[in-house]
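Asker: The sequence shown begins at 0 in numbering that gives the first Met the number 0 and counts up one residue at a time.
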Amino acid sequence: MLEKRRLCFIKIFSLLFFIAFTLTSFAQSNSPYSRFGLGDVSASTNVSLRGLGGISAGYTDIVSINFNNPASYSQFQTIIEQRSKKLQYGRVVLDVGTNLESRSLIAPNTPNRFTSNDLSFSYVQVGLPLRKNWGLSFGIRPLSRISYLINSTDSITDALGNSTPTTSQYRGTGGSYLPSIGTGFAIKNFSAGFNVGYLFGNRENTLLKQPKSDSIQFLPSSHTTNSSFGHLFFNAGVQYLVKLNSNTILRLGASGNWKQNISGSQDRMIQTFARGSAGEELRVDSVYEINGVKGEIVYPSSYKGGFVLQRTNTNGSGWLVGADYTTNKWSEYRFFGQKDSVQDNQIINVGGQFTPRSRSSYFSNITYRFGFFAGKDYIKVHDGVAGMLAAVKMHFSS
0 MLEKRRLCFI
10 KIFSLLFFIA
20 FTLTSFAQSN
30 SPYSRFGLGD
40 VSASTNVSLR
50 GLGGISAGYT
60 DIVSINFNNP
70 ASYSQFQTII
80 EQRSKKLQYG
90 RVVLDVGTNL
100 ESRSLIAPNT
110 PNRFTSNDLS
120 FSYVQVGLPL
130 RKNWGLSFGI
140 RPLSRISYLI
150 NSTDSITDAL
160 GNSTPTTSQY
170 RGTGGSYLPS
180 IGTGFAIKNF
190 SAGFNVGYLF
200 GNRENTLLKQ
210 PKSDSIQFLP
220 SSHTTNSSFG
230 HLFFNAGVQY
240 LVKLNSNTIL
250 RLGASGNWKQ
260 NISGSQDRMI
270 QTFARGSAGE
280 ELRVDSVYEI
290 NGVKGEIVYP
300 SSYKGGFVLQ
310 RTNTNGSGWL
320 VGADYTTNKW
330 SEYRFFGQKD
340 SVQDNQIINV
350 GGQFTPRSRS
360 SYFSNITYRF
370 GFFAGKDYIK
380 VHDGVAGMLA
390 AVKMHFSS
């Protein structure tokens, strides 16, 4: 029986990871701004917390995993045997998230519009209590994604001053991922925790150029840089509980990561090519090629602080409000020694939820969530970023 359960456990998680990477592989999106930094940065919270505007510093939950602040792992649900004081029962949490995104790109001063719909993997996490006030969590999530295709028309000028029209295509693919394991513990009202993982990924940038001339036949050229990277990655968090009365608590929290260096390797190549019958690129001549260039990526520090004020009534109703302030030091970012068009940014997250008194009505058994965030984007070409989120969390019981 034990062996069957073990095999079932392995099959379930194999299926989850297969689904996760399948969704990532088939996600189709064109995001021109993902050419900067490490790409489009993924949300750092679970789906439930996104419904609260992205707050996480002071939040805990027994049915979802707040992997942004590992101190929350100490609050996984447990039942202790009264006589022996040993763990009698613990709730294991499986938390899986996906993103459905619709993106529209509009060319300035033209009616041209491009729309893409994108279903992508967000995270898969498992949380389990080890003892009362001590929990463990592990899983994997993407940190960023790169996917862009940009066409432009310009010209090149030779030594004699003659200008030749040229079409250019900029394209990029890749992303970064973080499988991790972490633990959190509580001593009275104070909780602390940390995650350790392996941050890895790749980025491939290609520039295709095709000069056009009625008198001279030019071969197209490609300039490709393929980068891969990976290294251990750490983040940590703390929380402190203040009991205001028998039904109301205030939980303060802080989490973050310090600046960390990620080892990497680059392959660089410039070549001319011809198109095959199926449109594939067939190398004609290699102008420049070098492989295995060692370097580092400096991943910036990020710190978050906030609070959650929560009231839970004996009849099951209650409410929650919270806010976070986050600062990200993207000015520290370097990619193989090079700066990028990124900047320090700060974000404010605000959220709340309300649970009505439990009754026979379907809508009285639902937790309603709302939230918003505002702040500066980490890419310099934006003036700011803002959003409003809402969610409905449904409870089922038998």
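A virtual CB, placed ideally from N, CA and C, is assigned to each residue, including glycine.
Using only CA atoms, which one of L37, R112, I378 and I186 lies nearest to P141?
Answerer: Here residue 141 refers to the residue found at position 142 when the sequence shown is read from its first residue. The candidate whose alpha carbon is nearest that of P141 is L37.
Asker: Cα separation between I186 and S73?
Answerer: As a first step, residue 186 is located in the sequence shown; it is residue number 187 there, counting from the start. As a first step, residue 73 is located in the sequence shown; it is residue number 74 there, counting from the start. Using only the alpha carbons, I get a separation of about 9 Å.
Asker: Pull the bridge partners of W318 from the DSSP assignment, please.
Answerer: The sequence position of residue 318 within the sequence shown is 319, counting from 1. For W318, which the question treats as bridged, DSSP gives the partners R310 and F353.
Asker: Return the chain-ordered ranges of every beta strand (DSSP E) run that is complete within the stretch 122-171 and spans a minimum of 3 residues.
Answerer: Here the runs fully enclosed are 133-156.
Asker: Can G192 and G200 be called in contact, C-beta distance under 8 Å?
Answerer: Locating residue 192 in the sequence shown gives position 193, counting from the first residue. Locating residue 200 in the sequence shown gives position 201, counting from the first residue. The answer is no: Cβ separation not under 8 Å.
Asker: Is P31 helix, strand or coil when you go by DSSP?
Answerer: Mapped onto the sequence shown, residue 31 falls at position 32. Here P31 sits in helix by DSSP.
Asker: Taking the alpha-carbon positions, what's the L129 to G89 distance?
Answerer: Counting from 1 along the sequence shown, the entry for residue 129 is found at position 130. Counting from 1 along the sequence shown, the entry for residue 89 is found at position 90. Their backbone Cα atoms lie some 8 Å apart in a straight line.
Asker: I'd like to know whether the C-beta atoms of V237 and A253 end up nearer to each other than 8 Å.
Answerer: Translated into the one-based positions of the sequence shown, residue 237 becomes position 238. Translated into the one-based positions of the sequence shown, residue 253 becomes position 254. Cβ atoms of V237 and A253: closer than 8 Å.
Asker: Which first and last residues belong to the alpha helix (DSSP H) in which S360 is found?
Answerer: Sequence index remark: in the sequence shown, residue 360 carries index 361 (1-based). Where S360 is concerned, there is no enclosing alpha helix (DSSP H), given that its DSSP letter is neither H nor E.
Asker: Taking only three categories from DSSP, how would you classify R90?
Answerer: Here residue 90 refers to the residue found at position 91 when the sequence shown is read from its first residue. DSSP places R90 in coil when its eight states are reduced to three.
Asker: Which class does R82 belong to by DSSP, given the choice of helix, strand or coil?
Answerer: Counting from 1 along the sequence shown, the entry for residue 82 is found at position 83. Reduced to three states, the DSSP call for R82 is coil.
Asker: Determine the closest residue to S262 out of N150, S227 and S154, with distance taken between C-alpha atoms.
Answerer: Along the sequence shown, one-based indexing puts residue 262 at 263. Out of N150, S227 and S154, S227 has the C-alpha closest to the C-alpha of S262.
Asker: G255 bridges to which residues according to DSSP?
Answerer: Against the sequence shown, residue 255 aligns to sequence position 256. Its beta-bridge partners are A235 and Y302.
Asker: Express the C-alpha separation of L243 and N399 in angstroms, rounding to a whole number.
Answerer: Because the chain is modelled from 0 through 397, residue 399 falls outside the range shown and cannot be assessed.
Asker: Given a threshold of 16 other Cβ atoms within 10 Å of its Cβ, counted over all protein chains shown, does L319 qualify as buried or as exposed?
Answerer: On the sequence shown, residue 319 is found 320 positions in, with the first residue counted as 1. Buried.
Asker: Does the stretch 258-278 touch the stretch 286-302, meaning 3 or more C-beta pairs lie closer than 8 Å?
Answerer: Enough Cβ pairs lie closer than 8 Å, so yes.
Asker: Is DSSP giving Y410 helix, strand or coil here?
Answerer: The first residue shown for the chain is 0 and the last is 397, placing residue 410 beyond what the model contains.
Asker: Quick one: what does DSSP say L48 is sitting in, helix, strand or coil?
Answerer: Here residue 48 corresponds to residue number 49 of the sequence shown, with the count starting at 1. Looking at L48 - three-state DSSP - the assignment turns out to be helix.
Asker: Measuring alpha carbon to alpha carbon, tell me which residue in L177, I346 and N364 is nearest K375.
Answerer: Taking the sequence shown and counting its residues from 1, the one referred to as residue 375 is at position 376. Comparing Cα-Cα distances from K375 to each of L177, I346 and N364, the minimum goes to I346.
Asker: Can you pull the DSSP bridge partners for G181?
Answerer: The residue given as residue 181 occupies position 182 in the sequence shown. Its beta-bridge partners are S136 and N194.
Asker: With C-beta atoms as the reference, is D339 less than 8 Å away from K328?
Answerer: Position 340 of the sequence shown holds residue 339. Position 329 of the sequence shown holds residue 328. Not a contact, by the Cβ cut-off of 8 Å.
Asker: Rounded to whole angstroms, what's the CA-CA distance from P69 to K211? Just pull it up for me.
Answerer: Within the sequence shown, residue 69 is the residue found at index 70, counting from 1. Within the sequence shown, residue 211 is the residue found at index 212, counting from 1. Cα-Cα distance, rounded: 57 Å.
Asker: In whole angstroms, give me the CA-to-CA distance for I378 and E331.
Answerer: For the purposes of this step, residue 378 is taken as the residue at position 379 of the sequence shown. For the purposes of this step, residue 331 is taken as the residue at position 332 of the sequence shown. Those two C-alpha atoms are separated by around 13 Å.
Asker: Applying the criterion that 16 or more other CB atoms from any shown protein chain within 10 Å of the CB defines a buried residue, is A273 buried or exposed?
Answerer: Here residue 273 refers to the residue found at position 274 of the sequence shown. A273 should be labelled exposed.
Asker: Pull up the distance between the alpha-carbon of S162 and that of D284, whole angstroms please.
Answerer: Here the question's residue 162 lines up with position 163 in the sequence shown. Here the question's residue 284 lines up with position 285 in the sequence shown. Near 24 Å, if we compare the C-alpha coordinates of D284 and S162.
Asker: In angstroms with no decimal places, state the Cα-to-Cα distance between F25 and S119.
Answerer: Counted from its first residue, the sequence shown places residue 25 at position 26. Counted from its first residue, the sequence shown places residue 119 at position 120. Reliability fails at F25, whose pLDDT of 49 lies under 50, so the model's placement of it is uncertain and no value is given.
Asker: From this set, F66, T59, D94 and D39, which residue's C-alpha is nearest S143's C-alpha?
Answerer: As a first step, residue 143 must be located in the sequence shown, where it is residue number 144. Nearest C-alpha to S143: D39.
Asker: According to the neighbour-count rule (16 or more other Cβ atoms, all chains shown, within 10 Å of its Cβ), is G173 buried or exposed?
Answerer: The count along the sequence shown starts at 1 and reaches residue 173 at position 174. When all chains shown are included, G173 counts as buried.
Asker: Between I61 and V92, what straight-line distance do the alpha-carbon atoms span, to the nearest angstrom?
Answerer: On the sequence shown, residue 61 is found 62 positions in, with the first residue counted as 1. On the sequence shown, residue 92 is found 93 positions in, with the first residue counted as 1. Distance between the alpha carbons of I61 and V92 is about 8 Å.
Asker: Reducing DSSP to helix, strand and coil, say where E279 ends up.
Answerer: As a working note, residue 279 is residue 280 in the sequence shown. Reduced to three states, the DSSP call for E279 is coil.
Asker: Find the nearest neighbour of S47 within the set F35, F113 and S121, judged by alpha-carbon distance.
Answerer: Here residue 47 is taken as the residue at index 48 of the sequence shown, counted from 1. Considering only alpha carbons, the answer is S121.
Asker: Do S221 and E280 have their CB atoms nearer than 8 Å?
Answerer: Residue mapping note: residue 221 aligns to position 222 of the sequence shown, counting from 1. Residue mapping note: residue 280 aligns to position 281 of the sequence shown, counting from 1. Cβ distance < 8 Å, so S221 and E280 count as in contact.
Asker: Give me the Cα-Cα distance between N45 and L148, rounded to the nearest whole angstrom.
Answerer: Stepping through the sequence shown from its first residue, residue 45 is reached at position 46. Stepping through the sequence shown from its first residue, residue 148 is reached at position 149. Cα to Cα, the separation comes out at about 29 Å.
Asker: What whole-angstrom Cβ distance do L207 and G229 have, given they're in contact under 8 Å?
Answerer: Numbered from 1 along the sequence shown, position 208 holds the residue referred to as residue 207. Numbered from 1 along the sequence shown, position 230 holds the residue referred to as residue 229. Between G229 and L207 the Cβ distance is about 28 Å, and since that is not below 8 Å, they are no contact.
Asker: Please list, in chain order, all residues of the same chain as Q76 whose beta carbon is under 6 Å from its beta carbon, the five residues on each side excluded.
Answerer: Residue mapping note: residue 76 aligns to position 77 of the sequence shown, counting from 1. Once the five neighbours on either side are set aside, the close Cβ partners of Q76 are I61 and R90.
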